[in-house]
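A.B. asks: Submitted below is the structure of interest, expressed as structure tokens.
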Amino acid sequence: MESTRLAGHSLPNEGRIKDPSGYGWLVVGPATCSCGAQSEPLTTDNARKRWHRDVHKAAVRAAQETSR
Ligand SMILES: [Zn+2]
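Next up, the structure:
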């Protein structure tokens, strides 16, 4: 089974987005990977985690495989 970890790609704050004011967390917003990639705005933490795992990291892996 393949590891779900990918060097250089982590999702800060479990997919939560800090409120710009510094208090609390936003409900709706894009997931942002530590590499700088962003999703479209999503409405739940779980949707952001799913995007990171199933969409973003899958795309990064696919790109790594085709560049070999
Ligand atoms: Zn990334």
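Each residue of the sequence shown is one higher than the last, beginning at 129 in the working numbering.
Backbone N, C-alpha and C define an ideal beta-carbon position, used for all residues, glycine too.
These figures come from a predicted structure and were not determined experimentally.
1. How is threonine 160 classed by DSSP in three states: helix, strand or coil?
2. Span of the beta strand (DSSP E) holding glutamate 168?
3. Would you list the residues whose beta-carbon is nearer than 5 Å to any heavy atom of ligand 1, in the order they occur in the chain?
4. Take the Cβ of alanine 190 as the centre, count every other Cβ of all protein chains shown within 10 Å, and call the residue buried at 16 or more, exposed below.
5. For methionine 129, does the three-state DSSP call read helix, strand or coil?
C.D. replies: Short version:
1. In this structure, threonine 160 counts as strand in the three-state DSSP scheme.
2. From DSSP, the beta strand (DSSP E) with glutamate 168 extends over 166-170.
3. Those satisfying the condition are, in chain order, His137, Cys161, Cys163, Ala165.
4. By the neighbour-count rule (16 or more Cβ atoms within 10 Å), alanine 190 is not buried but exposed.
5. Bear in mind that a pLDDT of 43 at methionine 129, under 50, signals an unreliable position, so the number given afterwards is only what the model happens to contain. DSSP, reduced to helix, strand and coil, places methionine 129 outside both helices and strands of the structure shown, so it counts as coil.
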